[in-house]
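**Student:**
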Amino acid sequence: MASVKIENEVSIEYPNKWSLFFQWCKYIYDDKSTDYGYRFIWRRPDGSLQAARGQARIPSAKELNELIALATNAGWFSVVENQINDLSN
Numbered sequence: 121m122a123s124v125k126i127e128n129e130v131s132i133e134y135p136n137k138w139s140l141f142f143q144w145c146k147y148i149y150d151d152k153s154t155d156y157g158y159r160f161i162w163r164r165p166d167g168s169l170q171a172a173r174g175q176a177r178i179p180s181a182k183e184l185n186e187l188i189a190l191a192t193n194a195g196w197f198s199v200v201e202n203q204i205n206d207l208s209n
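For the sequence shown, the residue numbers in the numbering used here are 121 to 209.
(1) Tell me the rounded alpha-carbon separation between residue 212 and residue 154.
(2) Would you please state the rounded distance, in angstroms, between the beta carbons of residue 161 and residue 125? I believe it to be under 8 Å.
(3) Could you tell me which residues DSSP pairs with residue 140 in its beta bridges?
(4) Please state the DSSP three-state secondary structure of residue 125.
(5) Would you identify the three-state DSSP class for residue 178, choosing helix, strand or coil?
(6) Measure from the alpha carbon of residue 132 to the alpha carbon of each residue in 180, 186, 197, then state which is nearest.
(7) Run the CB neighbour count on residue 199, radius 10 Å, all protein chains shown included, and call it buried at 16 or more, exposed below.
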């Protein structure tokens with residue numbers, strides 16, 4: 121099992137009030153080891169996450185590109201990978 125700490129995120133909200141998030145996360149495992157990575161996840165209108173066993177449906181390439189553009193414009197997409205690599209060296 122792992123717990124997840126969200127480091128950065130962007131989202132698109134849909135008319136039904138569900139939101140699709142693109143996140144950069146720190147994964148913390150039971151043995152206290154860690155990994156970093158990106159994930160897509162849905163959030164319900166009440167703010168809770170939609171558990172999907174590591175999978176989130178991406179409706180279209182348009183939405184995928186929009187989320188990546190939002191993360192790029194926010195200044196963290198791919199830049200965070202370099203920060204983690206710098207810490208490892």
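Backbone N, C-alpha and C fix where the C-beta goes; we use that ideal spot for every residue, glycine too. Remember, predicted model here, so these are calculated numbers, not experimental data.
**Tutor:** In terms of the structure at hand:
(1) Shown here, the chain extends from 121 to 209; a query on residue 212 therefore has no answer.
(2) That pair is no contact at about 13 Å.
(3) 132, 162
(4) strand
(5) coil
(6) 186
(7) exposed
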